[in-house]
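K.L.:
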Amino acid sequence: MEIVVNGTTVWLHPDGKEGVTPLVENIVKMATHVERQLTMGKKGYERVKERFLEHHMSQRIALVLKEEDDMIDPLPCYCCVGMLA
Numbered sequence: 028m029e030i031v032v033n034g035t036t037v038w039l040h041p042d043g044k045e046g047v048t049p050l051v052e053n054i055v056k057m058a059t060h061v062e063r064q065l066t067m068g069k070k071g072y073e074r075v076k077e078r079f080l081e082h083h084m085s086q087r088i089a090l091v092l093k094e095e096d097d098m099i100d101p102l103p104c105y106c107c108v109g110m111l112a
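One point on numbering: in the numbering used here, the residue at position 44 of the sequence shown is 71, and numbering is uninterrupted.
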């Protein structure tokens, strides 16, 4: 799940030399369209509030850890086997 959404919360551009012109175009668009700045900023803020706050991330991490734990078979404790005989 991405934090940024191209065209909604940001304008993405390629890296390296091929990204220079699109970067400049994006900067000019953002600098000259105040309403777009506000809209994209609000959408980005709302996206973070809806999906990426601490409680969202801790739930996702807990789910991943549980899935990993469920995949691991517990190993027998060989140090106790002699005591049971």
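Using N, Cα and C, we set each Cβ at its ideal position, and we do this for glycine too.
In this structure, what does DSSP give as the bridge partners for VAL31?
P.N.:
DSSP, once it has assigned bridges, lists no residue as partnering VAL31.
K.L.:
If you draw a straight line from the C-alpha of TRP38 to the C-alpha of HIS82, how long is it?
P.N.:
TRP38 and HIS82: Cα-Cα distance of roughly 28 Å.
K.L.:
Can GLU29 be considered in contact with the ligand PLP, in the sense that its beta carbon sits closer than 8 Å to one or more heavy atoms?
P.N.:
The model on display carries no ligand, and the ligand PLP is accordingly not part of it.
K.L.:
Among LYS70, ASP97, GLY43, which one has its Cα closest to the Cα of VAL31?
P.N.:
VAL31 has its Cα closest to that of LYS70, out of LYS70, ASP97, GLY43.
K.L.:
Which residue spans inside the stretch 33–59 form an unbroken alpha helix (DSSP H) run of at least 4?
P.N.:
Entirely contained in the stretch 33–59, the alpha helix (DSSP H) runs reaching 4 residues are, in chain order, 47–59.
K.L.:
Work out the CA separation of THR36 and VAL113 for me, nearest whole Å.
P.N.:
This structure leaves residue 113 out entirely; the chain is present only between 28 and 112.
K.L.:
Look at the Cβ atom of GLU28, then the Cβ atom of ARG78, and state whether they are nearer than 9 Å.
P.N.:
Inspection of the sequence shows that residue 28 is occupied by Met rather than by Glu. Result yes, Cβ atoms of MET28 and ARG78 sit closer than 9 Å.
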